[in-house]
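Chemist: Structure below; questions to follow.
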Amino acid sequence: MKRILSLFLAAVLLALSGCDKNVQVRFDSVYFFQSEEDLQKKKVDPEEMSRYTRNLQSQVAKVMKSAQAVPGNGYIVVAVRSDEEVAAWLDMEPALHEYYDYEIVEAIKKLRPFKVETGIVVFAIKMAVDTPKHTEKPLPEPTALKEAQQKVGDPKDIEQVVLAAWPEE
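Note that the sequence shown covers residues -17 to -1, 1 to 152 in mature numbering (1 follows the signal peptide of the UniProt record, and there is no 0).
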């Protein structure tokens, strides 16, 4: 009986020690799906967008702080509409557990976005989880956006693609 109790206690301590692990999340460059000229037409304030991306990174780091995730890297893709609605998709390899994917997307949606005069602004941020190496993929390709590209008339029109992939509330 003592042996079983000792094994149980050791298993509990081992499990708890795994919970204390702080996952390191690193961010790198921002990829813009639209040109600088397009962003100017949409009257995006670079300072406001910069503050938003820093807040976004902080929120994602909070979500992942005590996550149990395997090392990986990829992109967070974010779309901000002129009505201040936000959508986000992850393109990670290997994919994060659906729980953390959901928590990250929800945390991003709760942030107050930067102002967009008309249409949609779409950008991505490179993210690495528990690895110093960022993705070498030149373009983010979340599954939802790839599937939406097949549904729209012009798969290179990022606003059409994003609208086709926009999650139903």
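Cβ coordinates follow ideal geometry from the N, Cα and C atoms, glycine included. Keep in mind it's a predicted model, so treat the numbers as computed, not measured.
Alpha carbons only, please: which of A147, P54, A50 is nearest the one belonging to K116?
Modeler: Residue 116 sits at position 133 when you count from the first residue of the sequence shown. K116 has its Cα closest to that of P54, out of A147, P54, A50.
Chemist: Please go through the same chain and pick out, in chain order, the residues whose beta-carbon is closer than 7 Å to the beta-carbon of P96, but skip the five residues on each side of it.
Modeler: Locating residue 96 in the sequence shown gives position 113, counting from the first residue. Y35, V63, E67, V69.
Chemist: Compute the Euclidean distance between the alpha carbons of K45 and N5, then round it to the nearest angstrom.
Modeler: As a first step, residue 45 is located in the sequence shown; it is residue number 62 there, counting from the start. As a first step, residue 5 is located in the sequence shown; it is residue number 22 there, counting from the start. Approximately 10 Å between the Cα atoms of the pair.
Chemist: Let's test the definition: count the other Cβ atoms within 10 Å of the Cβ of Y82 and tell me whether it reaches 16, buried, or not, exposed.
Modeler: By 1-based counting over the sequence shown, the position of residue 82 is 99. The residue is exposed, with fewer than 16 neighbouring Cβ atoms inside 10 Å.
Chemist: Beta-carbon within less than 7 Å of V88's beta-carbon, same chain only, minus the 5 sequence neighbours each way: which residues are those?
Modeler: Here the question's residue 88 lines up with position 105 in the sequence shown. Same-chain partners within the cutoff: A71.
Chemist: Applying the 10 Å Cβ sphere with the 16-neighbour rule, what's the burial state of E76?
Modeler: Taking the first residue of the sequence shown as 1, we reach residue 76 at position 93. The residue is exposed, with fewer than 16 neighbouring Cβ atoms inside 10 Å.
Chemist: Alpha carbon to alpha carbon, how far is S12 from V112? Give it in angstroms, no decimals.
Modeler: By one-based count along the sequence shown, residue 112 stands at place 129. By one-based count along the sequence shown, residue 12 stands at place 29. Cα to Cα, V112 sits roughly 15 Å from S12.
Chemist: Check the C-beta distance from L94 over to L39 and give it rounded, since I have them as a contact under 8 Å.
Modeler: Numbered from its first residue, the sequence shown carries residue 94 at position 111. Numbered from its first residue, the sequence shown carries residue 39 at position 56. Sure, about 6 Å apart at Cβ, within 8 Å.
Chemist: Compute the Euclidean distance between the alpha carbons of Q7 and V43, then round it to the nearest angstrom.
Modeler: On the sequence shown, position 24 is the one that residue 7 refers to. On the sequence shown, position 60 is the one that residue 43 refers to. Computed Cα separation, rounded: 11 Å.
Chemist: Please report the distance separating the alpha-carbon of E86 from that of E19.
Modeler: The residue labelled residue 86 in the question sits at position 103 within the sequence shown. The residue labelled residue 19 in the question sits at position 36 within the sequence shown. Near 31 Å, if we compare the C-alpha coordinates of E19 and E86.
Chemist: Do you know offhand how far K109's Cα is from P123's?
Modeler: Sequence index remark: in the sequence shown, residue 109 carries index 126 (1-based). Sequence index remark: in the sequence shown, residue 123 carries index 140 (1-based). Taking the straight line from one Cα to the other gives about 9 Å.
Chemist: Identify every residue that forms a DSSP beta bridge with R9.
Modeler: Position 26 of the sequence shown holds residue 9. Beta-bridge pairing links R9 to A111.
Chemist: Buried or exposed for P125, please, with buried defined as at least 16 other CB atoms from any protein chain shown within 10 angstroms of its CB.
Modeler: Start at 1 with the first residue of the sequence shown, and residue 125 comes out as number 142. It counts as buried.
Chemist: Short of 6 Å in beta carbon distance, which residues of its chain neighbour F(-10), apart from the five on each side in sequence? Order them along the chain.
Modeler: Translated into the one-based positions of the sequence shown, residue -10 becomes position 8. Low confidence applies here, because F(-10) scores a pLDDT of 40, under 50, leaving its location unreliable; read the following figure in that light. If we look at F(-10) and ignore the five residues flanking it on each side, it has no Cβ neighbours.
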